[in-house]
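Residue numbers (this note's numbering), protein chains in the order written: chain E, 1 to 326; chain R, 1001 to 1326; chain X, 2001 to 2325; chain L, 3001 to 3325. Ideal Cβ placement from N, Cα and C applies to all residues, glycine included. Notes follow the structure.
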Ligand SMILES: Cc1ncc(C[n+]2csc(CCOP(=O)(O)OP(=O)(O)O)c2C)c(N)n1
Ligand SMILES: Cc1ncc(C[n+]2csc(CCOP(=O)(O)OP(=O)(O)O)c2C)c(N)n1
Ligand SMILES: [Mg+2]
Ligand SMILES: [Mg+2]
């Protein structure tokens, strides 16, 4: 039996593999060193690579990401941690205006090979300012690659691709998945950015999900199977590049699309995907397209309330059932 | 004939009307006082209302919007200016995490009646960091109202609604429209937030546009009319509240939808609108839905390049023609 | 300070300490979800400062804000009910530990993005000036917050506009798990920065409720007189780890020891004794606090969970959450 | 400084001045679109500093960055072609005036969001340290940038990590149309803030190219020796308004007069005379500059516009812009 690893451990493993290969890879962030990160996703890095490659910073998100950019354009491959993805708002200028634009606006003179890693998402009762799924902020900005793995193996493989990428990558690690387990991938495992994965084949409806919503979609698919509805589940894995062709291919078979999104409905990635499908895949559709997404509210603290906001498998089942009957 | 006013003058007029009505309305921002604003949209306010109500600030976007929030929750109605909408990135924490959430996360204890005004959009050769249409950043965040008027009268009327609103409103003034003219609206003119306007009636296709894209859509509609295609043009005016029912009503007649967006395709508001339509309006559609949006690149400097990125009337015409033939 | 006043402050501190202890226990019992950042050890700052404020002044705090909510009149029951996700919680279970707020007494919120509330306090002070009310705003924040941009912008703006706002840094030597000294260019992260804004900066023993009270009172008078903001850096120490998940093993035993010996409650008892208050009187106050908290725990436990429909209220001022027609 | 070196710096300054004048004229002729922020009057800072740097050092500048691009080797033709939206422009007409960049000579960009590049310079210095190259990074910024959060975060991080980075503030007394003194809590917006980061801060006559050179040289040596960052505040004045649209009527005539009399080119000529260089020699240098710029204008005018397909290149390192499959 293959070795098993948690999603949490996969983060440190993925970074460590790249730090071993390439001395240009360095890490910076708050409490990432001795403490091994608030989510223990950088455990062991300081010990193995020393304080010259694993840097603890002050609480200065702009300086962290801005310095990562400066290092990236001068020959390093920095991996910056922003502790919670909500805090991307504190350095948003770098993500929105600097990092994704500098290559273009200098006519290709500089390259920005960096990764900004961040703990994303809700479901843990952390409240409105520590629970958001913020991938969609990044989706509004051309020039950022956006990765959001759902399994430990993908964490390792996509980190490898992200760190080796000459383009900036925002890497969303889902807090709700940190304790989940999966096989340890082989050495030099790479998952190319921009390739969605069909994680369950099915003929009746296509469920497209990301990160924490992949297990939710799979659970829904299992439930639907009991009712005789055969759902295909696609793990998008990246928002940019967005693997639209994989989705269209699936729709050729199923003719029905449901997106499963942790983020609020307004401005969610599912909307962009659906808009491409409603254009290029219009002829394939035999039923309305449905987006199962979070309510358009801040994340509440109490479980009883948070459960009302973030989609669960039964919400997905209900949505699909209605479509199947269309 | 009614008095004519520019969009630029309408901003100052709209603010002045509210400042006259309500002593709680105060303005703050960079160079808004003596200088009358970089875009001359606050000309006359200092003179009429004095330095106790029109405050020049340092270059401190976080302090500007953060202070506006503190003032709003303690009884004032601040109108904060962020000079270019790109700079919202410098205070994004306040727009994404604080202002839209504080009411909810305190169980309704506080109310945040503020307006953040900002000069939005491209087409003027200001380059990658001064040209973005950033409404979609705000669309990803529940809890913000989003206004983007296209005419001087709407500027005045929507500013009145925004400033009187007990909810936070991000108010996008389009740089490309500042010099355009229109009738001066009557005293106490109010345009309720969340009501789209049908600015041209038509039977064959519905064009939905916002701000600078409204004249573009109208120009396209005029061109299409020559070809015998009768386009209805809807000025969305707000992204939140999003007037989906107005669009669905129109589609009941036209069965064809094209959005016209200045922003990049990825993550644009048209996607959210289309996704609602592809669900609730699926049965109305007789052709694919098409989004005419900007290319997914930063805004280039040269006119010759910028013209390739931001949609123009001919792009819209081409898109509609293809749909009409579907 | 007179003995009666000090005794009242002591009792408030005891109430906070016991509430924090209860929060910790409830957490271990699985009755508190999410995370909590306990302020045990830092009570004197909240209580001493609050006692120097007017009832209508404004307070802004951080995710480590239980003590500030309580110092401004939130009851242990309201706080614990919030932590336990009850409908009777301070924020109706929508905020949680990190967002305790009691707007009705001017406690305008606990904010969980480091530094974010400093500009808000500046704005509240500006608002007070505009309305001519003579109110003051106080922002409480950690040592770690002194290295974030919002700190700089807020202090400069407050100084330029000479606003009635106080910046009170609770320097507990650590951000989460990292010593503030390791990531800060000056020894006094807050006080040493005050000259950058041309305003007074002062260091005070944050565990001495009388000293905190005196300093805040002095700066508050100054600010109300129109002489502008000030920075107060209160030295203190947290008794628990950073948050619930943190055993705080990164702190040297000797350091912990030393600070536990410099406990704000013990210090206040000592001062009471000096003022002639017999130990039984202090103990009685502590006993009253214990009883209040015991009863608060019971009441919070018995309170109902929030109505699930509450998830879709309170986004907009009209009460709802509709984002579209 | 020796006469030959100073003469070379004088010629560089003259080249910048003449290029700025040309940019202004071309703007009035409708040949430059968008906006420009001319650095005429501030040449000595770029030229003096650059002369003290190594060829492989890094420079980061603002939207007012023509002088820095040229001081690091960008030609007038490359700059003017960029301003005129030509394919031969420094950034192939994709950046424009606000984003002049010449990465091949370490001029790593002009950034148009105030303060944003300070952390980048810190990162470049960190990178130099990590790679052990002995390179230095310099961030040039305006007085107005000293009140934004990124300034604070960058200086603290640089100081804590003791990085080889210099922060050079070009204090031209104004942000856009507002006096920096009206919105800043200390008289020296940059130098007075240095103590907040435990680093040296110094004020220099930014119009005296020799003084700037001396100060930068001194701080550069210190930084390369491992003694960390420093702040240099260079006093200067812009000859034009903030940007093309600005007639700068908010500036008192007397102030403008005084500063025009304290022109960096005149100062350098005076120093050259003191060193025994005859006025004809200086004039000849200026003449050479005039000729170069005249020819640059002609060449830029003759250059082709960018290929429209360039709009969809250079987003990704592989050259394209595809965001989806
Ligand atoms: C902008 C931001 N960055 C990081 C965090 C994560 N974080 C929460 S508390 C904390 C440490 C704060 O230290 P300090 O300001 O000293 O306050 P203390 O916790 O000691 O009271 C950090 C880094 C955050 N909440 N906000
Ligand atoms: C974050 C941000 N806020 C506002 C602006 C608009 N703006 C451009 S230049 C400028 C003034 C900058 O003044 P200073 O730093 O003194 O530089 P100078 O223009 O005098 O060289 C302002 C406010 C901006 N570009 N970025
Ligand atoms: Mg601390
Ligand atoms: Mg200036």
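Own chain residues within Cβ distance below 6 Å of residue i, not counting five before or after
i: residue 2012 of chain X; result: 2047
i: residue 3023 of chain L; result: 3036 and 3083
i: residue 282 of chain E; result: none
i: residue 959 of chain R; result: Because chain R spans 1001 through 1326 in this model, residue 959 of chain R falls outside it and cannot be assessed.
Cα-Cα separation between residue i and residue j, rounded to whole angstroms
i: residue 2112 of chain X; j: residue 2121 of chain X; result: 15 Å
i: residue 1001 of chain R; j: residue 1152 of chain R; result: With a pLDDT of only 47 at residue 1001 of chain R, under the threshold of 50, the placement of this residue in the model should not be trusted; the figure read from the coordinates follows. Cα to Cα, the separation comes out at about 16 Å.
i: residue 2227 of chain X; j: residue 2164 of chain X; result: 8 Å
i: residue 3291 of chain L; j: residue 37 of chain E; result: 60 Å
i: residue 1272 of chain R; j: residue 1100 of chain R; result: 19 Å
i: residue 83 of chain E; j: residue 3041 of chain L; result: 44 Å
i: residue 1209 of chain R; j: residue 2087 of chain X; result: 43 Å
i: residue 1217 of chain R; j: residue 1321 of chain R; result: 13 Å
i: residue 270 of chain E; j: residue 237 of chain E; result: 13 Å
i: residue 1324 of chain R; j: residue 1286 of chain R; result: 10 Å
i: residue 2130 of chain X; j: residue 1052 of chain R; result: 7 Å
i: residue 3240 of chain L; j: residue 3074 of chain L; result: 22 Å
i: residue 3296 of chain L; j: residue 3019 of chain L; result: 9 Å
i: residue 3156 of chain L; j: residue 3029 of chain L; result: 45 Å
i: residue 3033 of chain L; j: residue 2223 of chain X; result: 49 Å
i: residue 1170 of chain R; j: residue 3313 of chain L; result: 33 Å
i: residue 3143 of chain L; j: residue 1117 of chain R; result: 25 Å
i: residue 2099 of chain X; j: residue 49 of chain E; result: 38 Å
i: residue 249 of chain E; j: residue 162 of chain E; result: 26 Å
i: residue 1196 of chain R; j: residue 1314 of chain R; result: 24 Å
i: residue 129 of chain E; j: residue 263 of chain E; result: 14 Å
i: residue 3328 of chain L; j: residue 92 of chain E; result: Look at the range of chain L in this structure, 3001 to 3325, and you will see that residue 3328 of chain L is not part of it.
i: residue 3286 of chain L; j: residue 3071 of chain L; result: 16 Å
i: residue 2061 of chain X; j: residue 2139 of chain X; result: 6 Å
Contacts around residue i, its chain only, beta-carbon distance under 8 Å, and the 5 residues preceding and following it disregarded
i: residue 2198 of chain X; result: 2159
Residue-chain proximity (residue i, chain L), Cβ-Cβ < 8 Å
i: residue 2197 of chain X; result: yes
i: residue 241 of chain E; result: yes
i: residue 255 of chain E; result: no
i: residue 1308 of chain R; result: yes
Below-8 Å beta-carbon distance, residue i vs any chain R residue
i: residue 272 of chain E; result: yes
i: residue 2365 of chain X; result: Because chain X in this structure spans residues 2001 to 2325, residue 2365 of chain X falls outside the shown range and cannot be described.
i: residue 305 of chain E; result: no
i: residue 6 of chain E; result: no
i: residue 3120 of chain L; result: no
Cβ shell of residue i (< 7 Å), same chain only, five flanking positions each side left out
i: residue 2220 of chain X; result: 2052, 2053, 2136 and 2166
i: residue 2145 of chain X; result: 2114, 2115 and 2151
Any chain X beta carbon closer than 8 Å to residue i
i: residue 1136 of chain R; result: no
i: residue 1210 of chain R; result: no
- Give, in chain order, every unbroken run of the alpha helix (DSSP H) that is at least 4 residues long and sits entirely within the region 191-262 of chain E. 213-226 and 244-254
- Item | 3-residue-minimum beta strand (DSSP E) runs that sit fully inside the region 1021-1082 of chain R, ordered along the chain | 1025-1029 and 1054-1056
- Task: For the region 1287-1314 of chain R, list the alpha helix (DSSP H) runs that are entirely contained and at least 4 residues long, ordered along the chain.
- Result: 1303-1309
- Task: At 3 residues or longer, and completely inside the region 2195-2226 of chain X: list those beta strand (DSSP E) runs for me, N to C.
- Result: 2201-2205
- Within the chosen definition, does the region 3249-3268 of chain L reach the region 3181-3200 of chain L through at least 3 CB pairs nearer than 8 Å? no
- Query: Quick one: complete beta strand (DSSP E) runs, 3+ long, within the region 3148-3182 of chain L?
  - Reply: 3165-3171
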